[in-house]
Structures are given as structure tokens and as C-alpha cells.
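One point on numbering: in this note's numbering, the residue at position 5 of the sequence shown is 37, and numbering is uninterrupted. Using N, Cα and C, we set each Cβ at its ideal position, and we do this for glycine too. Predicted model only: the values in this text are computed from it and were never measured. Notes follow the structure.
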Amino acid sequence: MNNASPQLMLEVLQQFRVIYGTMRQYFRELEECCGLPGSQMWVLQEVERTPEIGITELAGRLGIHQSTCSLLVEKLVAKNCLSKKRQSADQRRVGLCLASNGLKALAALPGPAEGVLPEALAAVPEVALKTLNINLAELICHLPGKNEAFAATPLAEMVHD
33 MNNASPQLML EVLQQFRVIY GTMRQYFREL EECCGLPGSQ MWVLQEVERT
83 PEIGITELAG RLGIHQSTCS LLVEKLVAKN CLSKKRQSAD QRRVGLCLAS
133 NGLKALAALP GPAEGVLPEA LAAVPEVALK TLNINLAELI CHLPGKNEAF
183 AATPLAEMVH D
């Protein structure tokens with residue numbers, strides 16, 4: 033056990049509450065505006081940025097497992113938000129394109145589909161981000177029952193009701 037004051041530990045806990053609560057609130061607003069969860073909206077946004085993107089590259093951009101990405105894509109295809117087509121550069125590969133419902137959902141997007149946390153992290157100076165990375169790694173080491181698999185789960189999925 034360390035010698036940190038209970039007040040300091042409480043302040044840090046409250047900071048986590050602000051982060052988590054802000055993410056939950058943002059993703060609720062996003063789903064209310066667009067009719068789709070944040071993770072699906074992020075997929076649509078990446079397809080909009082890179083038409084004909086493949087599942088493997090898309091999963092890499094989202095920082096999620098390829099099978100998780102495939103499930104998200106299938107849900108969006110079923111909702112007529114995405115369509116699959118042979119890539120123009122390589123006919124053997126299938127790429128993703130926006131469909132009509134996906135275009136409508138993106139038009140209603142109130143902010144970044146990936147949420148406000150990645151945007152906030154991008155605004156933090158690199159030295160502070162490196163320090164935060166080290167400190168969070170230390171915190172995770174002391175976390176009972178930690179599950180590293182959560183690292184590959186979109187935040188929108190974690191804060192979704």
C-alpha cells in the first residue's frame with residue numbers, strides 16, 4: 033500500500049468519473065442523433081474517409097479485432113448503411129462503401145464518431161501523453177481482475193447501456 037492521501041485518491045477517482053460520464057453522455061447523444069451506436073458510426077466514418085476500405089485495414093484503424101470489425105460491418109450491411117463491392121484496384125478483394133442509410137446517419141453526426149476521448153487525447157502535449165501512458169500502465173498493474181481484451185473493444189460498446 034502506498035502513502036497517498038485518501039483525498040488525492042478520491043480526486044483521481046472523481047477524474048475517472050468525469051471521463052467515463054462524459055463518454056457515456058456523448059455516445060447517448062450520438063445514438064439519439066444518428067440512430068446507431070457510436071461503434072457503428074465510427075465504422076461508417078472510416079468508410080467515408082476511405083471508400084472501398086477492407087475489413088483488415090478498417091479493424092486496424094479502429095484498434096479492434098478483425099472478427100469484431102466483421103460483426104459491426106455485417107450489422108451495418110443488414111441496416112443498409114454499408115455495401116460490399118469488389119475493389120477497383122484488386123477484384124479479388126472486397127471493399128466497403130456507404131449505402132443510403134449510412135449517408136443519412138453520417139449527416140446527423142454531432143461530432144467525432146470515435147467519441148470525445150480520442151479527440152481530447154490528440155490535444156494533449158506528447159510529453160503529458162507519455163506520462164499519462166506510464167501512469168495508467170502502473171494503475172492497470174494494480175487492478176484486480178483486469179482483462180486486457182477490453183483494450184480491443186470500442187469505448188462506445190463499453191459505455192453503451
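Item	Value
Beta-bridge pairing of Lys117 - partner residues as DSSP gives them	Gly127
Whole-Å CB distance - Met55 paired with Val148, under 8 Å assumed	7 Å
Start and end residues, alpha helix (DSSP H) containing Leu135	Ser132 to Ala139
Collapsed DSSP secondary structure at Ile85 in the structure displayed	strand
Distance, Lys111 Cα to Leu42 Cα	44 Å
Alpha carbon of Leu76 to alpha carbon of Leu138, nearest angstrom	7 Å
Backbone secondary structure at Glu146 - three-state DSSP	coil
Straight-line Cα distance separating Glu78 from Tyr58	19 Å
Cβ pair Leu141, Leu128 closer than 8 Å	no
Selection from Ile85, Arg124 and Glu63 that minimises the alpha carbon distance to Pro144	Glu63
Ala188, buried or exposed, once every other Cβ within 10 Å from all chains shown has been counted against 16	buried
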